[in-house]
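*Asks:* Just so we're aligned, residue 134 is where the sequence shown starts under my numbering, counting upward by one.
Built from N, CA and C at the ideal position, the CB exists for glycine as well.
From a predicted model like this one, the values you see are computed outputs, not experimental measurements.
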Amino acid sequence: MNKVLQRSIYREDLLHIANEVREFSLQEVQPHINLKNESEKKKIFMENIVAAMAKCGYLGALIPEDYGGMGYTLTEFLPVIEGIAAFSGSLALTLAGHNLAVSHILQAGSEEQKQKYLPRLASGELGAWCLTEPGAGSNAFGGMKSMLEQTEAELWKLDALKTFITNGCHAGIYVVTARGKNNSNQLGISACIVEKEKHCQNIKARPLGKKMGMNESDTAEIIFDGLNVEIKDLLGYPGQAQESIKAVLRRGRLAIAGFALGLARDSLERAIAYTPIRMVSGGSLFNKQLTQAKLAKMDCQLWIAWQATLAAARLADENLPFENEASKAKLTASEIAIDVCHEAIQLVGGTGYMEESKVEGNFRDARLLTIGEGTSEILLLSIAKKL
Numbered sequence: 134m135n136k137v138l139q140r141s142i143y144r145e146d147l148l149h150i151a152n153e154v155r156e157f158s159l160q161e162v163q164p165h166i167n168l169k170n171e172s173e174k175k176k177i178f179m180e181n182i183v184a185a186m187a188k189c190g191y192l193g194a195l196i197p198e199d200y201g202g203m204g205y206t207l208t209e210f211l212p213v214i215e216g217i218a219a220f221s222g223s224l225a226l227t228l229a230g231h232n233l234a235v236s237h238i239l240q241a242g243s244e245e246q247k248q249k250y251l252p253r254l255a256s257g258e259l260g261a262w263c264l265t266e267p268g269a270g271s272n273a274f275g276g277m278k279s280m281l282e283q284t285e286a287e288l289w290k291l292d293a294l295k296t297f298i299t300n301g302c303h304a305g306i307y308v309v310t311a312r313g314k315n316n317s318n319q320l321g322i323s324a325c326i327v328e329k330e331k332h333c334q335n336i337k338a339r340p341l342g343k344k345m346g347m348n349e350s351d352t353a354e355i356i357f358d359g360l361n362v363e364i365k366d367l368l369g370y371p372g373q374a375q376e377s378i379k380a381v382l383r384r385g386r387l388a389i390a391g392f393a394l395g396l397a398r399d400s401l402e403r404a405i406a407y408t409p410i411r412m413v414s415g416g417s418l419f420n421k422q423l424t425q426a427k428l429a430k431m432d433c434q435l436w437i438a439w440q441a442t443l444a445a446a447r448l449a450d451e452n453l454p455f456e457n458e459a460s461k462a463k464l465t466a467s468e469i470a471i472d473v474c475h476e477a478i479q480l481v482g483g484t485g486y487m488e489e490s491k492v493e494g495n496f497r498d499a500r501l502l503t504i505g506e507g508t509s510e511i512l513l514l515s516i517a518k519k520l
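Written out as C-alpha cells, the structure is:
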C-alpha cells in the first residue's frame with residue numbers, strides 16, 4: 134500500500150478493500166492505459182474491463198447481498214471508486230453513472246423491481262440514470278420537458294430527450310425522469326425503469342462528441358420516443374419522484390468525492406516519485422524547500438478532503454441526515470482535485486504537460502467533477518442556506 138493513501142485512510146478494513154481494488158486495476162486496467170487507438174481503447178474499457186469489474190463484484194458493490202451484490206456501505210465503497218479513479222477516470226465515471234441507476238432503484242423501487250433488476254445490474258448489465266436535459270443544467274426540475282403521460286389504466290407513454298448521460302449507449306437498464314401527466318392534469322416529476330432490449334425500437338442513443346477528458350467513457354444523448362411504460366415499471370408514485378431524485382444525488386455526490394480523491398492521489402504520488410529524480414541546480418527538485426512546501430500542502434489538502442468525505446459517508450451509513458455534509462465533501466474534494474492535479478503538472482514540468490502524461494490526463498478528468506452531480510456554485514448556495 135502506498136504511503137499517501139495509508140495516511141489518508143487509516144481504517145484497516147478500508148485499506149484491505151483499497152488493496153484489492155489496486156490489484157484489480159493493475160491486472161485489468163493498467164495494461165490498456167496507453168493504447169493509442171481511441172476507438173479500440175474505448176471498446177476494451179466499455180466491454181472487457183466493465184465485464185471484469187462485474188466479475189470482481191464492483192458493479193454490485195452497493196447492491197445488498199440478497200440481490201447478488203457485495204452489500205458495501207457507502208464508506209466501504211469509497212476506496213473502490215477512489216482506487217479505480219487513480220488508474221482510470223473513465224472507468225470511475227462509468228461506475229459512478231451505473232450506481233446512480235442502482236441507487237434510484239434501491240431508494241424507490243418495489244421489492245419486485247429490486248428482485249428483477251438489481252441482480253442484473255450486479256452481474257454485468259450497465260445502468261444509466263437519465264436526468265439531464267438540453268438547456269436544463271442545474272435547474273433539472275424546473276427545466277424538465279420530458280413527459281410521462283398516462284394513456285390507459287396501467288399504461289404510460291414516455292417521450293423524453295436526455296443528454297450528457299453516462300453509459301447511455303451501452304446501458305441495458307435506464308432509469309428515466311419525466312414530468313407526469315394524468316387526464317390532462319400536470320403532475321410532479323416521475324421516474325420509471327426502461328429496458329433497452331424490450332424497447333429498442335423506441336430508444337435512439339447517440340454518442341456525444343469528444344470530451345475534454347474521460348474519453349473512454351460513454352456519454353450520450355438519448356431519445357425515448359413514444360415508449361410504453363407499464364405501471365409496474367414506475368419508480369414510486371407518479372409525480373412524486375423529486376425526493377428520491379434528491380436522495381440519489383446526495384449519495385452520488387459522495388461517490389464523486391471519492392472519484393476526485395483518486396485522481397488527486399495519483400497526481401500527488403507521481404509528483405512525489407518524479408521530483409527526487411529531477412536534478413535542478415546541483416540537487417534534486419524534491420530537496421528544494423519550495424517543492425517540499427508544495428507537496429506538503431497537496432498532502433494536507435488530500436487528507437482534509439478524505440476526512441470530510443469519510444465523515445459524510447459515515448452519517449449516510451448510520452441513516453442520519455447528511456445532505457449538507459455530502460455537499461461539503463463533494464465541493465471540497467472536487468475543488469482540491471483540480472488544485473492538486475494542477476500543481477502536480479507544475480512540479481513535473483514539461484513532461485507533465487505532454488498528452489501521454491498521466492498527470493495531464495488527471496487534470497482534464499478532474500475538471501468535470503466541479504460540474505457533475507451539482508456544480509460548485511449550486512453546492513455553495515446549498516451550504517450557505519444551512520448557515
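How many Å lie between T508 and L464 at the Cα?
*Replies:* 8 angstroms
*Asks:* So which of L394, V235, K174 has the shortest CA-CA distance to L259?
*Replies:* V235
*Asks:* Give me the residue from G190, E349, L233, Y370 with the minimum Cα distance to K169.
*Replies:* Of G190, E349, L233, Y370, the residue nearest in Cα terms is E349.
*Asks:* Any idea what DSSP makes of S271, helix, strand or coil?
*Replies:* coil
*Asks:* Which residues share a DSSP beta bridge with K295?
*Replies:* I355
*Asks:* Enumerate in chain order the residues of its own chain whose CB-to-CB distance from Y486 is below 8 angstroms, with the five nearest sequence positions on each side excluded.
*Replies:* Excluding sequence neighbours, Y486 sits near I478, E493.
*Asks:* Is it the case that the stretch 446-464 contacts the stretch 380-387, given that we only count it when at least three CB pairs across the two stretches are under 8 angstroms?
*Replies:* Counting Cβ pairs under 8 angstroms, three or more are found: they touch.
*Asks:* Assign M280 to one of three DSSP states: helix, strand, or coil.
*Replies:* strand
*Asks:* Pick out whichever of A406, A255, Q283 has its Cα sitting closest to the Cα of L367.
*Replies:* Q283
*Asks:* Let me know the alpha helix (DSSP H) ranges lying completely inside the stretch 207-253, each 4 residues or longer, listed in chain order.
*Replies:* As for any alpha helix (DSSP H) of minimum length 4 sitting wholly inside the stretch 207-253, the runs are 207-220, 222-241, ordered along the chain.
*Asks:* Can you tell me the Cα-Cα spacing of F419 and L480, whole angstroms?
*Replies:* 9 angstroms
*Asks:* Whole angstroms is fine: what's the gap from L512's alpha carbon to V162's?
*Replies:* Spanning the two alpha carbons is a distance of roughly 33 angstroms.
*Asks:* Does the distance from the C-beta atom of P252 to that of G313 stay below 8 angstroms?
*Replies:* no
*Asks:* Tell me, which residues are paired with C325 by DSSP?
*Replies:* V309, L367
*Asks:* If contact is defined by three or more beta carbon pairs under 8 angstroms, each pair taking one atom from either stretch, is the stretch 388-408 in contact with the stretch 213-231?
*Replies:* yes
*Asks:* Please confirm if the stretch 236-243 is in contact with the stretch 267-278, defined as three or more CB-CB distances below 8 angstroms between the two stretches.
*Replies:* no
*Asks:* Going by Cα to Cα distance, which pick from A374, N361, E209, A184 is closest to L288?
*Replies:* N361
*Asks:* Take D450 and list the residues in its own chain whose beta-carbon comes closer than 8 angstroms to its own, dropping the five residues that flank it on each side.
*Replies:* T206, L207, T208
*Asks:* Is the Cβ-Cβ distance between S256 and G342 less than 8 angstroms?
*Replies:* no
*Asks:* How far does the beta strand (DSSP E) with G260 in it reach, from first residue to last?
*Replies:* 260-263
*Asks:* Report back the beta-carbon spacing between A390 and A462 to the nearest angstrom; my notes put them in contact at under 8 angstroms.
*Replies:* 5 angstroms
*Asks:* On the three-state DSSP scale, how would you describe L520?
*Replies:* Under the three-state reduction of DSSP output, L520 falls in the coil class, being neither helix nor strand.
*Asks:* Under the three-state reduction of DSSP, which class applies to E266: helix, strand or coil?
*Replies:* coil
*Asks:* From M203 to V327, what distance separates their C-alpha atoms?
*Replies:* For the pair M203 and V327, the Cα-to-Cα distance works out to about 24 angstroms.
*Asks:* Going by the DSSP bridge assignment, what does V362 pair with across the sheet?
*Replies:* W289
*Asks:* So, using beta-carbon positions, are A499 and I471 closer together than 8 angstroms?
*Replies:* yes
*Asks:* Considering I478, what are the terminal residues of the alpha helix (DSSP H) in which it resides?
*Replies:* First-last of the alpha helix (DSSP H) with I478: 456-481.
*Asks:* For S417, which beta-bridge partners are listed by DSSP?
*Replies:* M412
*Asks:* Using 10 angstroms around the beta-carbon of T503, count the other beta-carbons present and answer buried if the total reaches 16, otherwise exposed.
*Replies:* buried
*Asks:* Name the DSSP bridge partner or partners of K379?
*Replies:* Bridge partners of K379: none, in fact.
*Asks:* State yes or no: is the C-beta of A324 within less than 8 angstroms of the C-beta of P340?
*Replies:* no
*Asks:* Assign R339 to one of three DSSP states: helix, strand, or coil.
*Replies:* Three-state result, R339: strand.
*Asks:* Please say whether T442 and L281 have beta carbons closer to each other than 8 angstroms?
*Replies:* For the 8 angstroms CB-CB criterion, L281 and T442 do not form a contact.
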